[in-house]
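**Q** I'd like to ask some things about the structure below.
2 protein chains.
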Amino acid sequence: MYPELLNHIIRYVQLTADEEQLLCEKLEYIKVKKKEFLLEPGKLCQGSYFVVKGLVRQFFLDDKLNEKIIQFGLENWWIADQDSLLNHQPSGFYIQAIEYSELLLLTERNRILLFEQIPRLECYFRLMIQIAFVASQRRLCYIFTQNDEERYRHFSARFPGFMQRVPQYMLASYLGFTPQFLSRLRAKKT
Amino acid sequence: MYPELLNHIIRYVQLTADEEQLLCEKLEYIKVKKKEFLLEPGKLCQGSYFVVKGLVRQFFLDDKLNEKIIQFGLENWWIADQDSLLNHQPSGFYIQAIEYSELLLLTERNRILLFEQIPRLECYFRLMIQIAFVASQRRLCYIFTQNDEERYRHFSARFPGFMQRVPQYMLASYLGFTPQFLSRLRAKKT
Numbered sequence: 001m002y003p004e005l006l007n008h009i010i011r012y013v014q015l016t017a018d019e020e021q022l023l024c025e026k027l028e029y030i031k032v033k034k035k036e037f038l039l040e041p042g043k044l045c046q047g048s049y050f051v052v053k054g055l056v057r058q059f060f061l062d063d064k065l066n067e068k069i070i071q072f073g074l075e076n077w078w079i080a081d082q083d084s085l086l087n088h089q090p091s092g093f094y095i096q097a098i099e100y101s102e103l104l105l106l107t108e109r110n111r112i113l114l115f116e117q118i119p120r121l122e123c124y125f126r127l128m129i130q131i132a133f134v135a136s137q138r139r140l141c142y143i144f145t146q147n148d149e150e151r152y153r154h155f156s157a158r159f160p161g162f163m164q165r166v167p168q169y170m171l172a173s174y175l176g177f178t179p180q181f182l183s184r185l186r187a188k189k190t
Numbered sequence: 191m192y193p194e195l196l197n198h199i200i201r202y203v204q205l206t207a208d209e210e211q212l213l214c215e216k217l218e219y220i221k222v223k224k225k226e227f228l229l230e231p232g233k234l235c236q237g238s239y240f241v242v243k244g245l246v247r248q249f250f251l252d253d254k255l256n257e258k259i260i261q262f263g264l265e266n267w268w269i270a271d272q273d274s275l276l277n278h279q280p281s282g283f284y285i286q287a288i289e290y291s292e293l294l295l296l297t298e299r300n301r302i303l304l305f306e307q308i309p310r311l312e313c314y315f316r317l318m319i320q321i322a323f324v325a326s327q328r329r330l331c332y333i334f335t336q337n338d339e340e341r342y343r344h345f346s347a348r349f350p351g352f353m354q355r356v357p358q359y360m361l362a363s364y365l366g367f368t369p370q371f372l373s374r375l376r377a378k379k380t
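Each protein sequence line maps, in turn, to chains A and B. By my numbering, the letter at position 88 of the first sequence is numbered 88, and the numbering carries on one by one without gaps. By my numbering, the letter at position 145 of the second sequence is numbered 335, and the numbering carries on one by one without gaps.
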């Protein structure tokens, strides 16, 4: 049994003990070293990863081979290439551990199977993707309205603990500016 | 009965005749004139709107009162402020008809009620939000990798019919550049 995940699910939907058992039997516990990959471009995304411990990132390389971070995955968060899962097509993304991480993999095949057996699980995942969609829309709004410095201040105020764990260049990539700009900002602050 | 919506649902999940009936009884048919609002900032989003005919847009005003378009809603597409629905908080957005439009409103209360009665409907909406999330992530990737001109060319190639229906200044707002830039681009093309 995986208490971290079950405690997370219970915030949104109620499962019976049998359903919890059934779900846990379908999960695979995965440990990855820092910098290890869970997904690489050209491969099908295997399923959805729940972060039990650690921190991962989803990114792609642009034409000039710059890393562009599209999403982070922290404890109690699901991460997956939804495009690859939904359209059964090879991914264009990397998913990589930033720290040593422990995750639960729910393959897409098992997820769909479980939806038939545990309808409330579909409700849980509907909510998870709705939350992710809202976060993605908010990010678009910030890109539209905030300049680089505002985006940085806003992000540090909302996720102070997170800021300590992520290397500067990754944070710059996620917020869409150069590491040099971030260094100048941090120097200004201190 | 609303054939446009039922034909859309059938692409993803199978409902029984009774379930279709039940769903249709919960919908409200809405007709809006060009420029009429379905949602305004400070109000709760009532629910999800399925576009039967016409075209709507979701936008907000930035500090300088510039309109920033976050999403369009065309025929066979759902539009809603997911943030307002999910977090039961007043919206920061407008949803407005660009043309005379006909829509089906499914209030959030009815949607949640129906999920209990028609579990497959939850599957349908889980897929709808998953598709919307993928579109939103792709848009982020384009913002990260394409310059203004590339973004315009990419968008016109993918949605040629749509380009004819949307006023230039809205297209510019959606793609994140000035109407002047768009005029220059179009002049260059012809």
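Beta carbons: idealized from backbone N, C-alpha and C, even for Gly.
1. Does any residue of chain A have a CB that is nearer than 8 Å to the CB of B:G351?
2. Going by CA-CA distance only, name the one from B:S274, B:R310, B:L264 that's closest to B:E292.
3. Exposed or buried, what is A:E36 when buried is set at 16 or more other beta-carbons lying within 10 Å of its beta-carbon?
4. Does any CB atom of chain A fall closer than 8 Å to the CB of B:D273?
5. Specify the secondary structure class of A:K188 as computed by DSSP and reduced to three states.
6. Residue range of the beta strand (DSSP E) that A:T107 falls in?
7. Check for me: the alpha helix (DSSP H) holding A:Q130 runs from which residue to which?
8. Is it buried or exposed for A:R139, if we count other Cβ within 10 angstroms and need 16 for buried?
9. Using a Cβ-Cβ cutoff of less than 7 Å, which residues in the same chain neighbour A:S178 once the five nearest sequence positions on both sides are dropped?
10. Following the continuous alpha helix (DSSP H) through A:F72, name the residue where it begins and the one where it ends.
11. Using a Cβ cut-off of 7 Å, pull out every chain A residue sitting near B:A287, in sequence order please.
12. Taking Cβ positions, are B:G282 and B:P231 nearer each other than 8 Å?
13. Would A:I98 pass as a contact of A:V56 if the rule is Cβ separation under 8 Å?
14. Where do the N-terminal and C-terminal ends of the beta strand (DSSP E) with A:E36 fall, by residue?
15. Enumerate in chain order the residues of its own chain whose CB-to-CB distance from B:Y364 is below 6 Å, with the five nearest sequence positions on each side excluded.
16. Suppose the cutoff is 7 Å on Cβ atoms and the five residues either side in sequence are ignored; what does the same chain contact list for A:Q117 look like?
17. Of all the residues that make up the segment 319-334 of chain B, which are near chain A by a beta-carbon distance shorter than 9 Å?
**A** According to the structure data:
1. no
2. B:L264
3. A:E36 comes out exposed.
4. yes
5. helix
6. 101-107
7. 119-145
8. Buried, by the Cβ-count rule.
9. Looking at the sequence itself, residue 178 of chain A is Thr, so the reference to Ser does not match. These residues qualify, in order along the chain: A172.
10. Under the DSSP assignment, A:F72 falls outside any alpha helix (DSSP H), being part of the beta strand (DSSP E) whose first and last residues are 67-73.
11. Correct list: empty, because the minimum Cβ distance to chain A is about 20 Å.
12. In this structure, B:P231 lies closer than 8 Å to B:G282 by Cβ.
13. yes
14. Run containing A:E36: none; DSSP gives neither H nor E here.
15. I259
16. L22
17. I319, Q320, I321, A322, F323, V324, S326, Q327, R328, R329, L330, C331, I333, F334
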